[in-house]
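Here the UniProt record's numbering is used: the sequence shown runs in plain steps of one and ends on residue 424.
Don't be surprised by glycine CBs; every beta carbon is placed ideally from N, CA and C.
What follows is a set of notes on a single structure, which appears directly below.
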Amino acid sequence: SSDRVFNFAAGPATLPENVLLKAQSELYNWDGSGMSVMEMSHRGKEFMSIIQKAEADLRALLNIPEDYAVLFLQGGATTQFAAIPLNLCKPDDTVDYIVTGSWGDKAYKEAAKYSKPKVIWSGKAEKYTNIPAFDSLEQSPDAKYLHICANETIHGVEFKDYPNPKNPNAILVADMSSNFCSKPVDVTKFGVIYAGAQKNVGPSGVTIVIIKKDLIGNAQPITPVMLDYKIHAENNSLYNTPPCFGIYMCGLVFDDLLAQGGLVEVEKKNKKKAQILYDTIDASNGFFRCPVEKSVRSLMNVPFTLAKSELEAEFIKEAAKEKMVQLKGHRSVGGMRASIYNAMPLAGVEKLVAFMKDFQVSLE
Ligand code: PMP
């Protein structure tokens, strides 16, 4: 509606309007319970029905098989950077990391406290604009897992396909924080998928972990109880007080994604939005520029710069006047970044590209 902006923030990010309105309508009195979701016991029948439906809907969306557990946790994806090695390997085990951006790098650095991680490929020298050819990777023969960041939020680099770990006993682990539920994914290719909710599926405060059940139960003895997947799996994410309201919001988003026809339909919309934005950048004769190699450009986070970089602040300021906000690039890379997650309507991207064209014309 007219009192809302188009919010291109990288996360927390825009949420679907109908989800916000539904939450508003249920805020004061959820389903006739006489209380809001924030006031409910997490062990009462009302909240149990909420978390169970959220899990069932997520399983339907991603086609998650029964031999995978779905956990609703706290601490953000950053906590998972430690939980992954703590749960999946011993302190002396080798684990492989492909580093395609800042988040993969952070995951690798945290893993060094609890395992022996090896960066088998880094895009740092090319300023994180690419993804390696999988057959060129020199994987460690004994690695316990291979870790990737499926979509680098800051650099706008996204895996379109996934590498197989070389060691037949190793598993693929993916940080999907910024492209979670943006397209169909074959969950069975992964041992663990994890994601913070605050980009595509809800508010911050909820972290979702999807893990093959036979990987659970091997945590290192020093693992804090809150990071032990076994504890959370045995207790259906209710070992301690979970982020109840956040889980409820995620549930509303999952319901909405199913109502849209599921992730096949959602991906179609995301591809269309990304295409009109990248096309505008590429057709600008170098006025706008996206540094990322075309075949791995993210459908979710679109970084771009102006050839005349001194005009970037003006671009961001003028866009904000037209209710398009949070277009500033990450402080580590500069320029602009448009995050166009599931909940960004096509109209928002259309407005942005019209603005970009006008901005260029006004200066040429
Ligand atoms: N991984 C990726 C890909 C991210 O985009 C982010 C947050 N922007 C994180 C990890 C860290 O997530 P959190 O802030 O939830 O810990």
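Open item on the list: Could you tell me the alpha carbon to alpha carbon distance between K307 and L80, rounded to whole angstroms?
Closed with: It should be pointed out that residue 307 corresponds to Ile in this sequence rather than to Lys. Distance between the alpha carbons of I307 and L80 is about 14 Å.
TODO: Name the residue from V269, L359, A380 whose alpha carbon lies nearest to the alpha carbon of G135.
DONE: V269
Open item on the list: Let me check understanding here. Comparing Cα to Cα, which of K354, G311, M360, I276 lies closest to A334?
Closed with: M360
Task: Buried/exposed call for I191, threshold 16 Cβ in 10 Å - done: buried
TODO: Could you tell me whether any non-hydrogen atom of the ligand PMP is closer than 8 Å to the CB of G71?
DONE: yes
Open item on the list: How far does the alpha helix (DSSP H) with A120 in it extend, from its first residue to its last?
Closed with: 105 to 122
Open item on the list: Please report the straight-line C-alpha distance between K272 and Y128, rounded to a whole angstrom.
Closed with: 4 Å
Open item on the list: If you reduce the DSSP assignment to three classes, tell me which class M360 lands in.
Closed with: coil
Task: Where K259 falls, given that 16 or more other Cβ within 10 Å makes a residue buried - done: buried
Open item on the list: According to DSSP, simplified to helix, strand and coil, what is Y157?
Closed with: strand
Task: Under the three-state DSSP convention, the category I231 falls into - done: strand
Task: beta-carbon S264 near the ligand PMP non-hydrogen atom, thresh 8 Å - done: yes
Task: Contact test: G216 Cβ vs the ligand PMP heavy atom, cutoff 8 Å - done: no
Open item on the list: Between C209 and the ligand PMP, is there a pair consisting of the residue's CB and a ligand heavy atom that are separated by less than 8 Å?
Closed with: yes
Task: Residue burial classification, V421 (beta-carbon count within 10 angstroms, cutoff 16) - done: exposed
Task: Classification of residue 474 by the beta-carbon crowding that lies within 10 angstroms, buried from 16 upward - done: Because the chain here runs from 61 to 424, residue 474 falls outside it and cannot be looked at.
Open item on the list: Taking the alpha carbon of A164 as the reference point, which residue from K173, S182, S175 has its own alpha carbon closest?
Closed with: Checking the sequence shown, residue 164 turns out to be Gly, not Ala. Measuring from the Cα of G164, the nearest candidate turns out to be S182.
TODO: Measure the CB-CB distance between L87 and M309 and report whether it falls below 9 Å.
DONE: no
TODO: Starting from the N-terminal side, write out each stretch of the beta strand (DSSP E) that is 3 residues or longer and does not extend beyond the stretch 311 to 387.
DONE: 361 to 366
TODO: Look at the alpha carbon of N123 and the alpha carbon of V247, and state the distance between them as a whole number of angstroms.
DONE: 8 Å
- [ ] Name the two residues that bound the continuous alpha helix (DSSP H) containing residue 485.
- [x] For the chain, the structure presents residues 61 to 424; residue 485 sits outside this window and is missing.
- [ ] Under 8 Å by Cβ, that's how I've got K331 and L406 pegged, so tell me the actual separation to the nearest angstrom.
- [x] Rounded, the Cβ-Cβ distance is 11 Å, inconsistent with contact.
Open item on the list: Within the continuous alpha helix (DSSP H) that includes H292, where are the two ends?
Closed with: 289 to 294
TODO: For the beta strand (DSSP E) containing I208, list its first residue and its last residue.
DONE: 205 to 209
Open item on the list: Between residue 428 and A114, how many whole angstroms is the CB-CB distance? I'm expecting something under 8 Å.
Closed with: Nothing about residue 428 can be reported from this structure: the residues present for the chain run from 61 to 424 only.
TODO: State buried or exposed for V324, treating a residue as buried only when at least 16 other CB atoms are found within 10 Å of its CB.
DONE: exposed
TODO: Could you check if M236 is buried or exposed, using at least 16 other CB atoms within 10 Å of its CB as the buried criterion?
DONE: buried
Open item on the list: For the stretch 214 to 225 against the stretch 152 to 169, do three or more pairs of beta-carbon atoms, one drawn from each stretch, fall closer than 8 Å, so that the two count as touching?
Closed with: yes
Task: Cβ distance (whole Å) where G205 is taken to contact L148 below 8 Å - done: In the sequence on display, residue 205 carries Tyr and not Gly. Indeed they touch by this definition, with Cβ atoms about 6 Å apart.
TODO: Please work out which residues of its chain come closer than 7 Å, Cβ to Cβ, to V245, disregarding the five sequence neighbours upstream and downstream, and give them in chain order.
DONE: L122
Task: Coil, strand or helix - T267 by DSSP - done: strand
TODO: Put A142 into one of helix, strand or coil per three-state DSSP.
DONE: helix
TODO: Name the residue from D91, I110, P125 whose alpha carbon lies nearest to the alpha carbon of F132.
DONE: I110
Open item on the list: Following a CB-centred definition, is G104 positioned closer than 8 Å to any heavy atom of the ligand PMP?
Closed with: no
Task: Nonlocal neighbours in the same chain, by C-beta distance under 8 Å from A70, ignoring five residues either side - done: T213, I214, S238, K259, N361, Q386, H390, R397, S399
Task: C-alpha distance - S264 paired with A73, whole-angstrom precision - done: 9 Å
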